[in-house]
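>
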Amino acid sequence: MRDARKDARKDGRGRAAFTRRALLLGGAEIAAMGLLGVRLYQVQVVDGRRYTTLAESNRVSVRLIAPPRGRILDRFGTVVAGNKLNWRALLIAEETDDVAATLDTFGRIVPLPDRERQRVLREVHRGRRFIPVTVRDFLSWEEMARIEVNAPDLPGIVVDVGTTRIYPFGPTLAHVVGYVAPPNEHEVAEDPMLALPGMRVGRAGMEREDDVALRGRAGEVQLEVNAVGRVIRELDREEGTPGQDLGMTIDSVLQQQVLGRLGDETASAVVLDCRNGEVMAMATNPSFDPSLFDSGVSQAQWIEWTRNRRTPLINKATAGLYPPGSTFKMAVALAALDSGALTTSDRIYCPGYLDVGNTRFHCWRRWGHGSLDLRGGLKNSCDVFFYETARRTGIDRIAAMAHRLGLGTHLDIDLPGAKRGLIPTREWREAHGHAWNIGDTIVSGIGQGYIQVTPLQLATYVARIATGRAVQPHLTRTLGSAPQPGAQAMDWPPMRLTPHELHAVRDGMWAVVNERGGTAPQARLHLAGVQLAGKTGSSQVRRVSRALRDSGHFDSAKLPWRFRPHALFVCFAPYDAPRYAVSVVVEHGNAGAAAAAPIARDIMLDTLTRDPAGRAVPGQTIAELQPG
Amino acid sequence: MPFERRLLRAEPSFGLVRKLCQVPWFYVLLLCALAGVGYVALYSAGNGPEPYASRHVLRFGFGIVMMLAIAMVDIRFIARLAWPAYAVGIVLLVLVLRMGHVGKGAERWLGIGGMQMQPSEFMKIALVLALAAWFHRASWERIGNPLFLIPPALMVLLPVGLILKEPNLGTAVITAAIGGAVFLGAGVRWWKFVLVALPVPFAARIAYNHMHDYQRARIDTFFHPEQDPLGAGYNIIQSKIALGSGGMWGKGFMQGTQSHLNFLPEKQTDFIFTVLGEEFGLVGGLALMGLLLVITLGAMAIALRCRHQFGRLVALGIATNFFLYVFVNIAMVMGVIPVGGVPLPLVSHGGSAMIMVMLGMGLLLSVHVHRDVEFGAVRDDIP
Chain X
5 MRDARKDARK
15 DGRGRAAFTR
25 RALLLGGAEI
35 AAMGLLGVRL
45 YQVQVVDGRR
55 YTTLAESNRV
65 SVRLIAPPRG
75 RILDRFGTVV
85 AGNKLNWRAL
95 LIAEETDDVA
105 ATLDTFGRIV
115 PLPDRERQRV
125 LREVHRGRRF
135 IPVTVRDFLS
145 WEEMARIEVN
155 APDLPGIVVD
165 VGTTRIYPFG
175 PTLAHVVGYV
185 APPNEHEVAE
195 DPMLALPGMR
205 VGRAGMERED
215 DVALRGRAGE
225 VQLEVNAVGR
235 VIRELDREEG
245 TPGQDLGMTI
255 DSVLQQQVLG
265 RLGDETASAV
275 VLDCRNGEVM
285 AMATNPSFDP
295 SLFDSGVSQA
305 QWIEWTRNRR
315 TPLINKATAG
325 LYPPGSTFKM
335 AVALAALDSG
345 ALTTSDRIYC
355 PGYLDVGNTR
365 FHCWRRWGHG
375 SLDLRGGLKN
385 SCDVFFYETA
395 RRTGIDRIAA
405 MAHRLGLGTH
415 LDIDLPGAKR
425 GLIPTREWRE
435 AHGHAWNIGD
445 TIVSGIGQGY
455 IQVTPLQLAT
465 YVARIATGRA
475 VQPHLTRTLG
485 SAPQPGAQAM
495 DWPPMRLTPH
505 ELHAVRDGMW
515 AVVNERGGTA
525 PQARLHLAGV
535 QLAGKTGSSQ
545 VRRVSRALRD
555 SGHFDSAKLP
565 WRFRPHALFV
575 CFAPYDAPRY
585 AVSVVVEHGN
595 AGAAAAAPIA
605 RDIMLDTLTR
615 DPAGRAVPGQ
625 TIAELQPG
Chain Z
103 MPFERRLLRA
113 EPSFGLVRKL
123 CQVPWFYVLL
133 LCALAGVGYV
143 ALYSAGNGPE
153 PYASRHVLRF
163 GFGIVMMLAI
173 AMVDIRFIAR
183 LAWPAYAVGI
193 VLLVLVLRMG
203 HVGKGAERWL
213 GIGGMQMQPS
223 EFMKIALVLA
233 LAAWFHRASW
243 ERIGNPLFLI
253 PPALMVLLPV
263 GLILKEPNLG
273 TAVITAAIGG
283 AVFLGAGVRW
293 WKFVLVALPV
303 PFAARIAYNH
313 MHDYQRARID
323 TFFHPEQDPL
333 GAGYNIIQSK
343 IALGSGGMWG
353 KGFMQGTQSH
363 LNFLPEKQTD
373 FIFTVLGEEF
383 GLVGGLALMG
393 LLLVITLGAM
403 AIALRCRHQF
413 GRLVALGIAT
423 NFFLYVFVNI
433 AMVMGVIPVG
443 GVPLPLVSHG
453 GSAMIMVMLG
463 MGLLLSVHVH
473 RDVEFGAVRD
483 DIP
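Those protein sequence lines, which keep their order, are chains X and Z.
Here the first sequence stands for residues 5 to 632, where the numbers follow our numbering.
Here the second sequence stands for residues 103 to 485, where the numbers follow our numbering.
1) For the putative contact between residue 65 (chain X) and residue 200 (chain X), defined by C-beta atoms under 8 Å, what is the C-beta separation to the nearest angstrom?
2) How long is the line joining the alpha carbons of residue 305 (chain Z) and residue 120 (chain Z), rounded to whole angstroms?
3) Using DSSP with H/G/I as helix, E/B as strand and the rest coil, what is residue 17 (chain X)?
4) Quick check on DSSP: helix, strand or coil for residue 481 (chain X)?
5) Quick one: is residue 438 (chain Z) near chain X, going by C-beta distance under 8 Å?
6) Please look up how many angstroms separate the CB atoms of residue 289 (chain X) and residue 315 (chain X), rounded, as I've assumed it's under 8 Å.
7) Give a yes or no on whether 8 Å exceeds the smallest Cβ distance from residue 35 (chain X) to chain Z.
8) So, at 7 Å on beta carbons, what are the nonlocal neighbours of residue 206 (chain X) in its own chain, with the 5 sequence-adjacent residues on each side left out?
9) Going along chain Z in order, which residues have a C-beta closer than 8 Å to the C-beta of residue 49 (chain X)?
10) Please state if the CB of residue 39 (chain X) and the CB of residue 436 (chain Z) are separated by a distance shorter than 8 Å.
11) Whose Cβ in chain Z lies nearer than 9 Å to the Cβ of residue 171 (chain X)?
12) What are the boundary residues of the alpha helix (DSSP H) that includes residue 222 (chain Z)?
13) With respect to the alpha helix (DSSP H) encompassing residue 393 (chain X), which residues constitute its N-terminal and C-terminal limits?
14) Would you kindly report the start and end of the unbroken beta strand (DSSP E) that includes residue 238 (chain X)?
15) Less than 8 Å separating the beta-carbons of residue 274 (chain X) and residue 321 (chain X)?
16) So residue 278 (chain Z) contacts chain X; which residues on that side make the cut at Cβ distance below 9 Å?
17) So, with DSSP's three-state summary, where would you put residue 541 (chain X)?
18) Looking only at its chain, what residues have a beta carbon closer than 7 Å to the beta carbon of residue 242 (chain X), apart from the 5 residues adjacent to it on each side?
19) State buried or exposed for residue 277 (chain Z), treating a residue as buried only when at least 16 other CB atoms are found within 10 Å of its CB.
20) Buried or exposed for residue 434 (chain X), please, with buried defined as at least 16 other CB atoms from any protein chain shown within 10 angstroms of its CB.
21) Against chain Z, does residue 63 (chain X) count as a neighbour if the rule is that its beta carbon must be under 8 Å from one of theirs?
22) Determine the direct distance from the alpha carbon of residue 270 (chain Z) to that of residue 207 (chain Z), and round the result to whole angstroms.
23) Any chance the region 282-298 of chain X sits against the region 248-266 of chain X, with 3 or more Cβ pairs inside 8 Å?
24) So, at 8 Å on beta carbons, what are the nonlocal neighbours of residue 198 (chain X) in its own chain, with the 5 sequence-adjacent residues on each side left out?
25) How many whole angstroms separate the CB atoms of residue 351 (chain X) and residue 377 (chain X), which I take to be in contact at a CB cut-off of 8 Å?
26) Exposed or buried, what is residue 357 (chain Z) when buried is set at 16 or more other beta-carbons lying within 10 Å of its beta-carbon?
27) Which runs of the beta strand (DSSP E) at least 3 residues long sit entirely within the region 447-522 of chain X? Give them in chain order.
28) What did DSSP end up calling residue 407 (chain Z) once you bin it into helix, strand or coil?
29) Select from the region 387-411 of chain Z all residues with a C-beta closer than 9 Å to any C-beta belonging to chain X, and list them in chain order.
30) List the residues of chain X that residue 294 (chain Z) touches, going by C-beta distances under 8 Å, in chain order.
31) What in chain Z is Cβ-close to residue 45 (chain X), meaning under 7 Å?
32) Is the beta carbon of residue 146 (chain Z) less than 8 Å from the beta carbon of residue 341 (chain Z)?
33) Can you give me the C-alpha to C-alpha distance between residue 252 (chain Z) and residue 282 (chain Z), rounded to a whole angstrom?
34) Return the residue from the list X:118, X:179, X:512, X:497 that minimises the CA-CA distance to residue 479 (chain X).
35) For residue 427 (chain X), which residues from the same chain have a beta carbon less than 7 Å from its beta carbon, with the 5 sequence-adjacent residues on both sides left out?
36) Please go through the same chain and pick out, in chain order, the residues whose beta-carbon is closer than 6 Å to the beta-carbon of residue 224 (chain Z), but skip the five residues on each side of it.
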């Protein structure tokens, strides 16, 4: 107590300093807190909008919903490419305590190969535990029922439904309809929708041609997700647009008949509506099963297809190139008539050969045809007549006419992979560094040499001769509910050929089939009041030496298969009111008259009997589809 | 030695009832309000009372009782415990280096009878007591003597060095700053602070070069968080997104998307302020900061009202400790300073931190209750 006063005095200076400094410290604390407040204002209010956006993008995950792929229908609405529900078993790892035990139980209920089991375990380890892993695809109804019954013993297993592409007609329409396959990485990078499970991309045929329309537009679902990506709830959903249905011009029934008529031959046939260019049937033999591509083709199968000499994967109707042989003679005739190099009354003498320079060109008939006019030349398919006609006309005029008629030119067919073929010209030959020889013109006169055309071009060529109009072949009739261009009958521009010229050629084709002495009497229709006009062709695939031909022992039927000539036949009917055009090419079929003409006749008979162009499509007639 | 004897005879100077009347109840109410804020935040963080909020209340109840019990203890008795406490703190720090649990690459935790504790937290309070005891009766002139300052400087550097070795940079800096605050309150001349502060930038440079990779990474990501958005920078970025998306009024209680969808890491401990900021916006954040500031300034007021140097320095040290916790935590979640594992007192989930805060608050209240007791005098002669 005695020191209290002294203490207070002594303490005074220190306490005053303490008060000053404590107040200073308190002020500094207020200032520091104030600065934090300013910072909080900056983060929450000034930059608030930006951070709100970031928080939303954290929270909301946009996922795509796969749209169902559009179907492909034939002209009468029969489904030729559709979607089948695919029941599959999925495993959600987080819903089971023991993945291996669940798989063991699953394996006792539905067979699960060991390799598949390993794959499932691998995928479970790789992914997040709440993302489903496919255990088994394509469950049968019975397997599904067994899984459902045993559900309590199968924690984590769920049955889910997806779709797979099916082709009810299988190989019959494989080349036209094409097929789908899983997308590659490049395609997925371009369109994120393709990353969805079960999405397929058209790889060939119509599936590829109209892939984008068939695919549709993906829907979008906005999900709230947490930091590890688990879905908490659905925020918003926008349904996508299903793929559009594609209506083809093909008549699937006729297609089956045509393919059946090709039998075992390596052959192709095209049936065209002459008036509007609709392809009624386009058959190629041999064919393949398009559904194999959906789940992946085995390597052995692929090697078998690609090494096969009969090229099952190639659509021979649009991508098979053949010398047209004698079927080309109408083009030569029209070129000659149109250019004035020949008149219908001009006669040419055939002694069995034509000498040009040092070279002798033979007629197929060694002893010759004698004196012939154009009608006779076509009827007898006299080679010398057309050697001489070609010589008089010149290759460039022949090529121009062939192009006008649809040969060796781009036909604009709505099918991928169509070949252009070739009609040689002086310019083309010189561009390749060779001089054009007169001999090249001579052999071009009978559709040999460098000339290459496709069966579709041949059918188009016949349709153009039959109608006198520049008919364009096409396969698409409707897309969604919209009619596609080219459906209107006889709407194509005229060919600017005189009726006289056209009649002369058609008359010659009529004589080939219907007149005594014609080259293809086999093709005559036994149908009251309906006549068929056509032209045969045999095109050599190997040069036959004069020595061999002169030896008299030459018989092309005895050659090995792959060296035999191709057999061709083109025709249209009815003669007086052309409606259908047919072309048939039998690879290495030897003679057009024997191998191709009967097939073409039967196809034409089937077509006329069925008359797909004349049949109304319920609710889908052209008149109903016209807008307005 | 009459003064020594009087210290030894430090008996209760007045009755328990009078002491209870001296407790600043409004201040206790403020602490309860802060713990209430913590309950709300932890309720949201845990999506219900379990697992955080209910335990938080339980611990706080225990803490309140402990705090009031400490407040009843005579400040002179506490002063006698200063040196033993300091010694215990140093021993614990050495122990934690020898056998502590490793958490996030640092040995910080010590298990005592099933409880976990961080010796560095205890050390801060022990250091405040020890420094206050050292400066308690020193005269203004004596404090001006540089030689007199050497022992307390070593008293600060020893625990700071041990904490750095754990390594725990954040707590080491805070401990040094608390020591500095007590030095300042004791009346150490300004120029001496300037002298110590001058070489700090160079020391920092050297320290950075000797740091552990994770510490260096923290500092690097602090300056450029976007360079490592999925790694160490993720916390800061997500915390800022959470705060920013809260805006002026917040998303509403339990409506924070960042916290409820787990984008916000360690939301119940270090980032609890962010949970509140997201759900209650700028208004809620500023209100909480205001409450924390009032509690800090209240501690300073207790210091100013105390009539003995020991109490003043203890209150100042505890106020500084509390404020540094608050400042570092809030500055951290807003991306102002590097992330450093510092919880928000009485709001963050965590038992040992809560006990230490309540221990400090108990000492503070004891200072207030015993602010007028006869407690020694300034002397020049005692060492």
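Ideal placement from N, C-alpha and C gives every residue a C-beta, glycine not left out.
Everything numeric in this text was worked out from a predicted model, so none of it was measured.
Quick answer:
1) Incorrect: roughly 14 Å between the Cβ atoms, too far for contact.
2) Our two residues, residue 305 (chain Z) and residue 120 (chain Z), have alpha carbons roughly 51 Å apart in a direct line.
3) The answer is helix: DSSP assigns residue 17 (chain X) an H, G or I state.
4) When DSSP states are grouped into helix, strand and coil, residue 481 (chain X) belongs to the strand group.
5) Cβ-Cβ to chain X under 8 Å: yes for residue 438 (chain Z).
6) Your pair residue 289 (chain X) and residue 315 (chain X) does not check out as a contact, with CB atoms roughly 11 Å apart and the cut at 8 Å.
7) Contact of residue 35 (chain X) with chain Z is not assigned, every C-beta pair being separated by 8 Å or more.
8) Closer than 7 Å at Cβ, skipping near neighbours: 182, 184, 212, 215, 218.
9) Chain Z residues near residue 49 (chain X): 349, 350, 384.
10) Cβ atoms of residue 436 (chain Z) and residue 39 (chain X): not closer than 8 Å.
11) Neighbours of residue 171 (chain X) on chain Z: none; closest Cβ ~46 Å, over 9 Å.
12) 221-237 is the extent of the alpha helix (DSSP H) around residue 222 (chain Z).
13) 387-397 is the extent of the alpha helix (DSSP H) around residue 393 (chain X).
14) Following the DSSP letters along the chain, one finds residue 238 (chain X) inside the beta strand (DSSP E) bounded by residues 235-242.
15) Judged by beta-carbon spacing, residue 321 (chain X) lies within the 8 Å limit of residue 274 (chain X), meaning their Cβ atoms are closer than that value.
16) By Cβ distance, chain X contributes nothing, its closest Cβ being about 16 Å from residue 278 (chain Z), past 9 Å.
17) In the structure shown, residue 541 (chain X) adopts extended strand secondary structure according to DSSP, grouped into three states.
18) Counting only residues of its own chain and dropping the five nearest sequence neighbours on each side, residue 242 (chain X) has a CB closer than 7 Å to the CB of 223, 224.
19) When all chains shown are included, residue 277 (chain Z) counts as buried.
20) Residue 434 (chain X) counts as exposed, since fewer than 16 other beta carbons sit within 10 angstroms of its beta carbon.
21) Chain Z, which has a Cβ nearer than 8 Å to the Cβ of residue 63 (chain X), makes this yes.
22) Low confidence applies here, because residue 207 (chain Z) scores a pLDDT of 47, under 50, leaving its location unreliable and the question unanswered by this model.
23) Verdict: yes, contact present.
24) Here the set comprises 187, 191, 192, 205.
25) 5 Å between Cβ atoms; contact.
26) Looking at its Cβ environment, which holds fewer than 16 other Cβ atoms inside 10 Å, residue 357 (chain Z) is exposed.
27) Within the region 447-522 of chain X, the runs of beta strand (DSSP E) at least 3 residues long that lie entirely inside it are, in chain order, 480-483.
28) Residue 407 (chain Z) falls in the helix class under three-state DSSP.
29) The residues in question are 387, 388, 391, 392, 394, 395, 398, 399, 402, 403, 405, 406, 409, 410, 411.
30) The contacting residues do not exist; residue 294 (chain Z) stays about 13 Å from chain X at best.
31) Those are 384, listed as they occur along chain Z.
32) Against a cut-off of 8 Å, the Cβ pair of residue 341 (chain Z) and residue 146 (chain Z) comes out as no contact.
33) Whole-angstrom Cα-Cα distance: 13 Å.
34) In this structure, X:179 is the residue among X:118, X:179, X:512, X:497 with its C-alpha nearest to the C-alpha of residue 479 (chain X).
35) Cβ neighbours of residue 427 (chain X) within its own chain (closer than 7 Å, five residues either side excluded): 403, 406, 407, 411, 412, 455.
36) Answer for residue 224 (chain Z): 191, listed in chain order.
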